[in-house]
Amino acid sequence: MDKTNEQKAIKATYFSIVGNTSLAIIKGLAGFFGNSYALVADAIESTTDIFASLLVLFGIKYSNRPADENHPYGHGRAEPLITFLVVGFLITSATIIGYESIINIQTSHDLPKSWTLYVLGAIIIWKEYSFRLVMKRSKETNSSSLKADAWHHRSDALTSIAAFVGISIALFFGKGYESADDWAALFASFFILYNSYLIFRPALGEIMDEHLYDDLVEEIRQVSHQVEGVIDTEKCFIRKAGMKYHVDLHARVSGKISVIEGHDISHRLKDTLREEIPELGHVLIHIEPN
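Numbering (the working numbering), first residue to last: 5 to 294.
Next up, the structure:
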């Protein structure tokens with residue numbers, strides 16, 4: 005199961021790297037020859053996306069390394085740390101785009117070429133498809149860094165939509181509105197900053213062991229009640245590391261049974277939980293007498 009999820013995540017990341025590299029080149033050329041800074045700004049973001057996707061690839065491979073003597077819980081915490089770096093790339097690209105947009109708004113330049121709209125239309129469709137595909141893989145694999153990569157695609161799509169609107173305004177109204185696409189690029193930079201927060205917040209929760217998994221707690225309790233000898237469950241703490249969820253569970257059993265019987269129930273419960281819920285990592289069972 006681990007290997008399958010890792011392969012899915014890695015394949016999705018390679019998809020992002022190839023797509024972002026191609027789009028960065030296309031946007032840069034179209035922006036340069038089409039007199040559109042919004043497209044050039046878009047190309048800048050796609051360039052940062054390449055490095056962000058490379059970081060995600062490294063994070064996924066490293067976080068899935070097996071547990072060792074120094075890391076008994078594995079290396080999963082590398083994923084949210086990589087996510088923080090990816091957010092840093094997003095904030096950097098938003099800052100560069102915003103700064104350059106302000107400079108270009110104050111500088112006179114020619115109207116964008118009309119054919120740039122066709123380029124942007126194709127880019128918007130592709131980036132939205134990329135977002136949906138990578139987001140689907142992030143949910144399948146429980147990967148926070150892959151989710152961040154998916155939001156990179158959505159941010160790129162939003163930047164392209166803003167550029168499309170800005171160029172359309174400039175072409176429709178003509179002379180005097182040459183900077184409309186620069187304003188669009190500036191507006192897009194705020195979208196990118198907002199998405200940066202959306203990516204950062206859950207990764208921070210993962211690092212801080214924040215309780216965000218009520219549905220999984222309920223599923224664990226339901227599976228536990230099916231195990232012979234388990235009367236009920238009490239405390240259930242969950243913390244996420246990489247693609248796995250580590251669980252501390254208190255289980256109530258009869259107070260009249262022997263220590264050996266309680267030990268056997270604990271092992272049955274642990275094995276059942278890991279079999280029924282494959283995304284679980286370490287499961288620590290504490291036995292409470294009823």
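In this text, a Cβ means the ideal position worked out from N, Cα and C, and glycines have one as well.
Comparing alpha-carbon positions, the option among I95, Y66 and T25 lying closest to L202 turns out to be I95. Per DSSP, E223 is not a residue of any beta strand (DSSP E); the alpha helix (DSSP H) it occupies stretches across D218 to S228. In this structure K248 touches G285 by the C-beta definition: roughly 3 Å separates them, less than 8 Å. In this structure R158 is buried. Its beta-carbon is surrounded by 16 or more other beta-carbon atoms within 10 angstroms. Distance between R141 and W119, taken at the CA atoms: about 34 Å.
The shortest CA-to-CA distance from T237 to any of A45, L208 and N294 is the one to N294. Here V138 really is in contact with A16; their C-beta atoms are around 5 Å apart, less than 8 Å.
Residue environment: I29 is assigned as exposed (fewer than 16 neighbouring CB atoms within 10 Å of its CB, all protein chains considered). Non-local beta-carbon contacts of K131 in its own chain, meaning distances under 6 Å to residues more than five positions away in sequence, involve H157, D160 and A161 in chain order. Within the model, the alpha-carbon separation for F88 versus G209 is close to 12 Å. Straight through space, the alpha carbons of I235 and H229 are spaced by roughly 7 Å. In terms of Cβ geometry, L150 and V60 form a close pair [threshold 8 Å].
Secondary structure note for L61: its alpha helix (DSSP H) is the uninterrupted segment Y41 to S67. Here the alpha carbon of R225 sits roughly 13 Å from the alpha carbon of Y217.
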